[in-house]
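Each residue of the sequence shown is one higher than the one before, starting from 78 at the first, in our numbering.
Report on one structure; see the data block that follows.
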Amino acid sequence: RNGEPFEKLIKYKKVLPNVLMRFCTIELKIRTAKRFLRNPLEIGWKNWINAVGILYDEPTRLNAKQKKDVFTRWFPLGENKVTAQIIDDFWAKKNFKLNLPIVRNKTMYGNCDGCFLKSEDQLAMLCKEFPEKFKWWLDLETEHKHRGDYGYFNHDRKMHLLKDNVDRQQDWVFDQQGYFCQANLGECTG
């Protein structure tokens, strides 16, 4: 897919998701899985254990307080101290390549490549190395900017300003750890 379900959801909601309104995760992942598992014509389960792929080197996510729900969360990778490097080493030995570079112990483009929860550093790398993917996110903000703060994935880090900054930089800044990652506005969330 090329973002069509996400675009359809945004069109329905009339705003972009953000840190306070993570409806993309809720609707496209959590509720979709629940609907499938609960549907008597599909699976019909009432309770289940949800295996979540959070790694050992993601302590903030791994140790987050659990919500009371119809399913129990289980973190097999975290519990077994599996890190991003272990995953990368595993795939390096296989014929199939994920082509997801690990930089400073983070998968730069995995899952939702332009997610507002990713660090400024990760989004800057996406902008530089995959401008067509970054443009998709930028276009959504451009299309919704008339909605004020609800027209941006992160109103403190607008995509067009990040792109302008990336376009002005020389390549060396991408090798300098922390250049794009000032923590004062939460840019280092990823």
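Backbone N, C-alpha and C fix where the C-beta goes; we use that ideal spot for every residue, glycine too.
Treat the numbers as computed from the prediction; the structure is a model and nothing was measured.
Cβ shell of residue i (< 7 Å), same chain only, five flanking positions each side left out
i	result
A128	W151, P153
E119	F113
F83	C101, L105
Proximity below 8 Å, CB of residue i to CB of residue j
i	j	result
K240	C204	yes
L139	V159	no
E104	L93	no
F100	K88	no
G191	F211	yes
D198	I179	no
Identified DSSP bridge partners for residue i
i	result
K88	Answer by DSSP bridge pairing: none, since K88 is not bridged.
R150	N127
Sequence-distant residues of its chain with Cβ nearer than 6 Å to residue i (five each side left out)
i	result
D248	none
E81	none
W168	L175
Y227	V92
Anticipated Cβ contact below 8 Å, residue i with residue j, distance rounded
i	j	result
F207	N95	Going by Cβ atoms, the distance from F207 to N95 rounds to 22 Å, so no, they are not a contact pair.
F230	E220	About 12 Å separates the two Cβ atoms, so there is no contact after all.
F148	I163	Not really, about 26 Å apart at Cβ, beyond 8 Å.
T137	A161	Rounded, the Cβ-Cβ distance is 14 Å, inconsistent with contact.
8 Å CB neighbourhood of residue i in its chain, flanking five on each side removed
i	result
H237	L215, E218, T219
K222	G228, Y229
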